[in-house]
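Notes follow the structure.
Number of protein chains: 2
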Amino acid sequence: MYELPKDRTKAQPNVFNAKCPARCLLTFLAGKWHLLVIDALAKERWRNGELMRKIEGISQKMLTQTLRELENMNLVLRIDMGTVPPHVEYELTPLGQDLRMKICTLDRWIEDNMFELIRDNDSVPLDYV
Amino acid sequence: MYELPKDRTKAQPNVFNAKCPARCLLTFLAGKWHLLVIDALAKERWRNGELMRKIEGISQKMLTQTLRELENMNLVLRIDMGTVPPHVEYELTPLGQDLRMKICTLDRWIEDNMFELIRDNDSVPLDYV
DNA sequence: CCGTATCCTACCAGATACTG
DNA sequence: CAGTATCTGGTAGGATACGG
């Protein structure tokens, strides 16, 4: 359990500082699946299986792992109905919703500017369309 | 050289689609260094060495590689002064500036909410402060 | 100063099989 | 249905040395 520094005013969060937790968090969140999972949970709760289908290409293993990590960061809430067979839902916490808005902005921008970004660029696989 | 599809209205960019270029671009941009390099170039041009010092922990190899990739995406402009010894500057294109705003919003949010995110979390190295 | 060329390793994450 | 456990390879990226 992490104990916050006594004097937080001394702490200057800075993603450019290699040792700063903010940097670690950025690197972490900018992993392969975190952004997508948060985006997927934007509007409503989803069950494990629903998320699997929504986020094409993610494996059960990575989905679970990512959700656990987001849980640890107070971004996602895991709701276990306690039934048999199991029924589990995931939803964003208020903190997660706050972050989600930033991420969605980024995701939508990438979608909107997709063609600008791949112009003159053959390093992105384009088997889409 | 990529040729844009004749009928773009048929293309529905979607990061959840594993084959969509938008998905590839997101995964790409959300790599370990892309977000930081774009953030670093927010306000002014920087030289190679300056970026190295600004972005703690990045290697020359990864910096060059990342800058090249951003160049290919029309996000960064490389300005070679053609002098000896070499003097090269990098700056964001208008497209890059547009994306930069989204990224900075994300980065600042992470910094601002750092302590919320690491509460109850021992999986982030905290040798900072 | 601004790179490139190699080599090499850790670990990310996919595949598969199994459980309550 | 919602997970774990184990094995495995591919590759991102670090370290190092060299070059214009």
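Here the protein sequences line up with chains Y and X, keeping their order.
Using UniProt numbering, read the first sequence as starting at 1 and increasing by one per residue.
Using UniProt numbering, read the second sequence as starting at 1 and increasing by one per residue.
Ideal placement from N, C-alpha and C gives every residue a C-beta, glycine not left out.
Those residues which DSSP pairs with residue i across a bridge
{"i": "X:Ile79", "result": "X:Glu89"}
{"i": "Y:Arg47", "result": "Y:Glu89"}
Interface residues of chain X facing residue i [CB-CB closer than 8 angstroms]
{"i": "Y:Met52", "result": "Under the 8 angstroms cutoff, chain X gives no residues; its nearest Cβ is about 12 angstroms from Y:Met52."}
{"i": "Y:Asn48", "result": "Here the premise fails: no neighbours, minimum Cβ distance about 16 angstroms."}
{"i": "Y:Ile103", "result": "Leu106"}
{"i": "Y:Ala42", "result": "The premise fails here: Y:Ala42 is roughly 11 angstroms from chain X at the closest Cβ pair, so nothing lies under 8 angstroms."}
Classification of residue i by the beta-carbon crowding that lies within 10 angstroms, buried from 16 upward
{"i": "X:Met1", "result": "Caution is warranted here: a pLDDT of 36 is assigned to X:Met1, below 50, making its placement in the model unreliable, and no coordinate value can be reported."}
{"i": "X:Val84", "result": "exposed"}
{"i": "X:Glu3", "result": "Note that X:Glu3 scores 49 on pLDDT, short of 50, meaning its location in the model is unreliable and no value can be drawn from it."}
{"i": "Y:Asp39", "result": "buried"}
{"i": "Y:Arg23", "result": "buried"}
{"i": "Y:Pro86", "result": "exposed"}
{"i": "X:Ser123", "result": "exposed"}
{"i": "X:Lys61", "result": "exposed"}
{"i": "X:Pro21", "result": "buried"}
{"i": "Y:Pro13", "result": "buried"}
Pick from the options that is closest to residue i, judged by C-alpha positions
{"i": "X:Lys43", "options": "X:Val15, X:Leu92, X:Ser59", "result": "X:Leu92"}
{"i": "X:Lys120", "options": "Y:Asn74, Y:His87, Y:Arg100", "result": "Just to set this straight, residue 120 of chain X is Asp in the shown sequence, not Lys. That would be Y:Asn74, whose Cα lies nearest to the Cα of X:Asp120."}
{"i": "Y:Asn17", "options": "X:Gly57, X:Val124, X:Met114", "result": "X:Gly57"}
{"i": "X:Asp98", "options": "Y:Asp98, Y:Trp46, Y:Leu117", "result": "Y:Leu117"}
{"i": "X:Leu77", "options": "X:Phe115, X:Gly96, X:Gln65", "result": "X:Gly96"}
{"i": "Y:Val88", "options": "Y:Ser59, Y:Cys24, Y:Arg68, Y:Asn72", "result": "Y:Arg68"}
{"i": "X:Lys54", "options": "X:Leu106, X:Leu36, X:Met62", "result": "X:Leu36"}
{"i": "Y:Ile79", "options": "Y:Leu63, Y:Asp122, Y:Asn48", "result": "Y:Asn48"}
{"i": "Y:Arg100", "options": "X:Arg100, X:Ile110, X:Pro94, X:Met101", "result": "X:Ile110"}
{"i": "Y:Ala11", "options": "X:Met114, X:Gly82, X:Ser123", "result": "X:Met114"}
{"i": "Y:Arg45", "options": "Y:Asp107, Y:Met81, Y:Ser59, Y:Lys61", "result": "Y:Met81"}
{"i": "Y:Asn107", "options": "X:Cys20, X:Asp112, X:Pro21, X:Leu26", "result": "What sits at residue 107 of chain Y in the sequence shown is Asp, not Asn. Nearest C-alpha to Y:Asp107: X:Leu26."}
{"i": "Y:Tyr90", "options": "Y:Lys102, Y:Cys104, Y:Ile103, Y:Thr66", "result": "Y:Thr66"}
{"i": "X:Glu71", "options": "X:Pro94, X:Met52, X:Asp112, X:Thr105", "result": "X:Pro94"}
Chain-ordered neighbours of residue i on chain X, where CB pairs are closer than 7 angstroms
{"i": "Y:Thr27", "result": "Lys32"}
{"i": "Y:Gly96", "result": "Near Y:Gly96 there are no residues of chain X at all, since even the closest Cβ is about 10 angstroms away, more than 7 angstroms."}
{"i": "Y:Leu35", "result": "Leu26, Ala30"}
{"i": "Y:Leu99", "result": "Trp109"}
Residue i: contacting residues in chain Y (beta-carbon distance under 7 angstroms)
{"i": "X:Ala18", "result": "Glu56, Gly57"}
{"i": "X:Met73", "result": "Leu117, Asn121"}
Interface residues of chain Y facing residue i [CB-CB closer than 8 angstroms]
{"i": "X:Val15", "result": "Leu36, Asp39, Asp107, Ile110, Glu111"}
Hey, is the stretch 29-43 of chain X in contact with the stretch 19-38 of chain Y, meaning 3+ C-beta pairs nearer than 8 angstroms? yes
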